[in-house]
Amino acid sequence: MKIRLYKTQHLTLLIALLLLFACSGDSLPTHWDGSWERRINVPKGMPGSCYDEVLQIEGRKWHLTATIYSTFECKKAFLELGFTADIDEVLIKKGSHDNNVTLKLRDIRMTSMRDVATSAVVELSEKSVALQSAKYVPEKWQQVEQNLLFSNDRKRMSAKLFLPTAALATPAQVNSQALIPFKR
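Under the working numbering, think of the first position of the sequence shown as 17, with each following residue one higher.
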């Protein structure tokens, strides 16, 4: 009887440990987690507005806040847009030492729109943002693969332009393949 109880306790402990290790794999921080910032300047000779992006990656959640300026000079912010997405899958290029990562994003949508041109910030209602989301994030942009290239020290990360923001601020750059760096 004691041997059977002893084996049952060990088996229960082993199962609990396996479940603990299996569940903890999703919560381990990765080098792409955290806050990243970049400024997108208007290329010389193109029309458009300068804008800043702040990207937050936390586990399986991806959040981007874009602040758009009134001109190419980056002096007076007038519009702030918030976007969110779920990270469906993370792909790491073989042999890249985790410096070449692709995030498969799904359910990309606009979550906020704020007029920041004056000291009295005006935020659109949830219903209005949902309507604007359908306009600024068309169905073809609601699922994308975002390729991220990291510097060896992991303090800089380069990525292509986020299309909904680029389409609003600098439409001529929507087809750009340029990788623009973020920094922590």
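The beta carbon of each residue, even a glycine, is placed where N, CA and C say it ideally should be.
Per the C-alpha coordinates, the member of Leu107, Glu155, Leu97 and Asp102 positioned closest to Thr127 is Leu97.
As computed with DSSP, Asp68 is found in a beta bridge with Arg55 and Thr83. Only buried fits Thr181, as 16 or more other CB atoms lie within 10 angstroms of its CB. The region 188 to 198 makes no contact with the region 93 to 111, as fewer than three CB pairs between them are under 8 angstroms. His79 and Arg125 have their C-alpha atoms some 10 angstroms from each other. Rounded to the nearest whole angstrom, the CA to CA distance from Lys151 to Thr83 is 18 angstroms. Take Ser86, set aside five residues on each side of it, and the residues of its chain with a beta-carbon closer than 6 angstroms to its own are Lys92 and Phe94, in chain order.
Distance from the Cα of Met129 is smallest, within the candidate group Leu140, Met62 and Val160, for Leu140. Assignment of Pro154 by DSSP, reduced to helix, strand and coil, places it in the coil class.
Taking every protein chain shown into account, the CB of Ser149 has 16 or more other CB atoms within 10 angstroms, so this residue is buried. The DSSP assignment places 142 to 152 and 179 to 185 as complete runs of the alpha helix (DSSP H) inside the region 135 to 199, in order along the chain (cut-off: 4 residues).
Straight through space, the alpha carbons of Cys66 and Arg54 are spaced by roughly 11 angstroms. Counting every other CB atom within 10 Å of its CB across the protein chains shown gives Met173 a total of 16 or more, marking it as buried.
Classified as exposed, Ile108 has fewer than 16 neighbouring CB atoms from the shown chains inside 10 Å of its CB.
Around the beta carbon of Leu71, a 10 Å sphere encloses 16 or more other beta carbons of the protein chains shown; the residue is thus reported as buried.
Residue pairing by DSSP places Asp131 opposite Leu95 and Val138 in a beta bridge.
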